[in-house]
Structure formats: structure tokens, C-alpha cells
Amino acid sequence: FLHDFDSGNVDVTQSSSIDARAIADAVSCGDNVFGSKSQKFLRQFREKLSESLVIEVLRLVERPSAVISFFIWAGRQIGYKHTAPVYNALVDLIVRDDDEKVPEELLQQIKDDDKEMLGE
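Quick note on my numbering: the sequence shown kicks off at 4 and runs consecutively.
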């Protein structure tokens, strides 16, 4: 358990892991992918979103539909923007999981959001 000896604060990677687990649990709970209860809970993490946290959450969530819902939610948060490594992590997870086919409308939503973000 790493500490920053200058300030006495716990290392950011340790707290990110705790945050990632909490986010993953909220996103994964129940059959309702990303219900209003999950979204309400996730509001507290908006300002903490970072490339590493989003990738960690993507890897912790087991259902591709929940992964994509989180990806879309994160990409819509003010102050956070997906990076190439985040897209790579998402693609790796989608390609890896042959058991659950990703609904076409979720992939279309990612495409539409990206066009909006890029101003196309």
C-alpha cells in the first residue's frame, strides 16, 4: 500500500481500484442495465473519471451490454473524454466475449456519440 510521504495521502491507484470496484458493482447490479438507481449512484464519480479508472471499470464489468452502457455514460460526462487506450480496451472486451452478442443499437449509440463529440 503505497503512500505519498510528502502529503500523507494514499496513492491514487489504490483509491481508483476501490472506485472502480464500486462503479463496476453499480453498473453490473440487476437485470436493468444502467438503471436510474445506478446512474444516481455514479454521479459521485463524475469528477474522478480518468483514462485509467474507465479502463479498470471496463475490465471489471462482465456483461458487454453493461460495459457499453458505462462507456457511453462516461463519454458524456463533462470534463472527461475517451482516449485511444479506452477505445482499445472496449474493443478488446467486445471481441473477446463470444458468449454475449452486443446489441446493434448499443454499437450505433457509440458511433452516434462519437460523431457528436467530433462535430461530424
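Think of the CB as a built atom: it goes at the ideal place given N, C-alpha and C, for glycine as much as any other residue. Note that this is a predicted model, so its numbers are computed, not measured.
query, result
"For Q80, three-class secondary structure by DSSP", "coil"
"Among D95, I97 and S31, the one whose alpha carbon lies nearest that of L45", "S31"
"Three-state secondary structure (DSSP) of E65", "coil"
"Residues of its chain near L2, where Cβ-Cβ distance is below 7 Å and the 5 sequence neighbours each way are ignored", "With the chain covering only 4 through 123, there is no way to say anything about residue 2."
"Cβ pair L110, V70 closer than 9 Å", "no"
"Alpha carbon of G78 to alpha carbon of H85, nearest angstrom", "6 Å"
"Host alpha helix (DSSP H) of S41 (start-end)", "S39 to L45"
"Whether L61 touches F74 by CB criterion (9 Å)", "yes"
"Beta-carbon gap between R52 and Y83 smaller than 9 Å", "Sequence check: residue 52 is Leu here, not Arg. The answer is yes: Cβ separation under 9 Å."
"DSSP-derived helix/strand/coil call for L93", "helix"
"Assigned exposure category for S39 - 16 Cβ within 10 Å defines buried", "exposed"
"Local conformation of S53 per DSSP, three classes", "coil"
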